Amino acid sequence: MYVPPRVYTNEMLSRLMDTTDEWVVQRTGIQERRFAEAGTGSAQLGVEAARAALASANLSPSDIDLVIFATMTPDYYFPGNGGLLTAALGMKPSTHALDIRMQCAGFLSGMQTADAFIRSGMYDRVLLVGAECHSGLMPWPESVWDVVKGEAEGPCDPFWRATASGMRDRAVLFGDGAGAMVLEANDSGDGRGFLGFVMYTDGTHWDKLHIPGGGCKSRPYFTPAMFESLATIPIVEGRQVFRLAVQLMPAAVREVLGRHGRTLDDVKLLLMHQANLRINEAVQKALDLPDERVFNNIQKYGNTTAGTLPIVFDEASRLGKFQRGDLVCFTALGAGLHWGAGLVSI
Ligand code: UT7
496 MYVPPRVYTN
506 EMLSRLMDTT
516 DEWVVQRTGI
526 QERRFAEAGT
536 GSAQLGVEAA
546 RAALASANLS
556 PSDIDLVIFA
566 TMTPDYYFPG
576 NGGLLTAALG
586 MKPSTHALDI
596 RMQCAGFLSG
606 MQTADAFIRS
616 GMYDRVLLVG
626 AECHSGLMPW
636 PESVWDVVKG
646 EAEGPCDPFW
656 RATASGMRDR
666 AVLFGDGAGA
676 MVLEANDSGD
686 GRGFLGFVMY
696 TDGTHWDKLH
706 IPGGGCKSRP
716 YFTPAMFESL
726 ATIPIVEGRQ
736 VFRLAVQLMP
746 AAVREVLGRH
756 GRTLDDVKLL
766 LMHQANLRIN
776 EAVQKALDLP
786 DERVFNNIQK
796 YGNTTAGTLP
806 IVFDEASRLG
816 KFQRGDLVCF
826 TALGAGLHWG
836 AGLVSI
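One rule links them: number in our numbering = place in the sequence shown (from 1) + 495.
Written out as structure tokens, the structure reads:
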């Protein structure tokens, strides 16, 4: 995992918007998040995570056959972050890069895609990256960031305070961060690796989480009016997404276990997308899992979208929450609406 060094607490955000630490902690569990400095994008965060993953696997960039990069906050409209990462890491030209944009389900979908490519024999070694730079979606200028950071004296310009307060339900949720995994074929027959996935999409819910402004359905695809009306800020129908998440994630977990002849008792650790601690507590309750068999770190990082699963996996690993041979279950749900669950024998 890699997260930018600068921590933003709820109190720091309250310098800009009408919010309190109490509200954010009570409704979401989030205490702080990281935001990158201006000029650092999700590709760079992904590069840092990829370097760490390669080092931990004792591999070099030239060992990778396929890069899969999941993000909903790419550096550019195009090209995608995958190619940018291959250039930054100096990968060989025969390394193919695939960009996927499945938002909060991006890393889970990336694991399924990597698994399928490896099983097919098409690629031996895949570098999977999930990275987000949500701070780029925030509309305020650097002078406002400086007040939030405590590097300039407040109060914030009243226009930006009103704007930020109007999007406070979303602005407090997200953070910047990245994670990466190196996945390779395991022909040893020891049963370790991905058992399988269940993945779903219900496009009828597309409008529950989306950014209305920007995109080639509009001509031209960006207009000054879109910025002025804040159409470039994500719309999150929070209550409905919350309700769907607490129904669909437990169902996906039960289904993937059933398909592979396992039960919840076989799962050492359930790692969920980190959108809201209250969602994850409800999923844990629905599955009747004790505290030691789930792990959350949204408290420190907020929702890092495609970054959450590898970030929570990395920290759980460092804390010794699973050992070789343990069964770990992943589940996620996000904009699309895409959701699912996957099982891995570590
Ligand atoms: O990964 C997928 C993306 N994530 C999601 O889709 C998030 C899922 N949903 C959620 O996490 C929750 O629905 C939220 C955290 C977004 C919102 O929590 P809620 O309990 O559904 O609150 P609400 O939107 O119904 O708002 C309740 C009140 C409102 O005030 P009034 O109308 O009751 O006076 C809001 O204006 O809380 C107010 N509020 C805030 N107050 C202080 C909303 N955001 C804030 C805030 N600080 N940051």
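No residue lacks a Cβ here, since even glycine has one placed at the ideal position from N, Cα and C.
Here the structure is a predicted model, which means the values were calculated and not measured.
- Secondary structure at Cys824: strand, using DSSP grouped into helix, strand and coil.
- Counting along the chain, Lys780 sits inside no beta strand (DSSP E); it lies in the alpha helix (DSSP H) bounded by residues 772-782.
- Distances from the CB of Thr799 to the heavy atoms of the ligand UT7 are all 7 Å or more.
- In terms of Cβ geometry, Phe564 and Gly585 do not form a close pair [threshold 8 Å].
- In the displayed model, Leu725 falls within coil according to three-state DSSP, outside both helix and strand.
- Gly831 counts as buried, since no fewer than 16 other beta carbons sit within 10 angstroms of its beta carbon.
- Taking all protein chains in view, the Cβ of Asp570 is crowded by 16 or more other Cβ atoms within 10 Å, so the residue is classified as buried.
- Our two residues, Thr568 and Gly575, have alpha carbons roughly 10 Å apart in a direct line.
- Per DSSP, Ile841 has no beta bridge partner at all.
- Nearest in C-alpha terms to Arg501, of all of Arg773, Trp640, Phe825, is Trp640.
- About 39 Å separates the Cβ atoms of Asp761 and Phe530, ruling out a contact at the 8 Å cut-off.
- Here Arg501 carries a coil assignment [DSSP, helix/strand/coil].
- Assigned with DSSP and collapsed to three states, Asp671 falls in coil, not helix or strand.
- At the C-beta level, Val741 and Ile774 come within 8 Å of one another.
- In chain order, Leu561, Val562, Ile563, Phe564, Gly577, Thr608 place their CB closer than 8 Å to the CB of Leu593, counting only its own chain and leaving out the 5 sequence neighbours on each side.
- Relative to the non-hydrogen atoms of the ligand UT7, the Cβ of Trp518 comes within a distance shorter than 7 Å of at least one.
- Per DSSP, the beta bridge partners of Arg528 are Tyr503.
- Checking the DSSP bridge columns, you'll see Arg788 has no partner listed.
- Inter-residue distance for Leu765 and Pro745 is about 10 Å (C-alpha atoms, whole angstroms).
- Distance from Glu627 to Gly802 at the Cβ level is roughly 5 Å; contact confirmed, criterion being Cβ atoms closer than 8 Å.
- A straight-line Cα-Cα distance of about 9 Å links Asp619 and Asn681.
- Contact between the segment 692-699 and the segment 823-838 is present: 3 or more CB-CB pairs across the two stretches fall below 8 Å.
- At least one heavy atom of the ligand UT7 lies closer than 7 Å to the C-beta of Ala770.
- Annotation for Leu752: the continuous alpha helix (DSSP H) segment containing it runs 733-754.
- Judged by DSSP secondary structure, Met606 falls within the alpha helix (DSSP H) whose first and last residues are 601-615.
- In the DSSP assignment, Tyr695 is bridged to Trp834.
- With a 10 Å radius around the Cβ and a threshold of 16 neighbouring Cβ atoms, Ser840 comes out buried.
- DSSP, reduced to helix, strand and coil, places His705 within a strand of the structure shown.
- At least one heavy atom of the ligand UT7 is found less than 7 Å from the C-beta of Leu704.
- DSSP places Ile806 in the helix class (H, G or I) of the three-state scheme.
- For Leu580, the enclosing alpha helix (DSSP H) has its first and last residue at 576-583.
- The ligand UT7 has a heavy atom closer than 7 Å to the beta-carbon of Thr523.
- The closest CA to that of Leu804, considering only Asp697, Leu622, Ala827, is found on Ala827.
- Note on geometry: alpha-carbon atoms of Met507 and Glu648 lie some 13 Å from one another.
- If you look at Ala657, you'll find it in the alpha helix (DSSP H) that goes 653-661.
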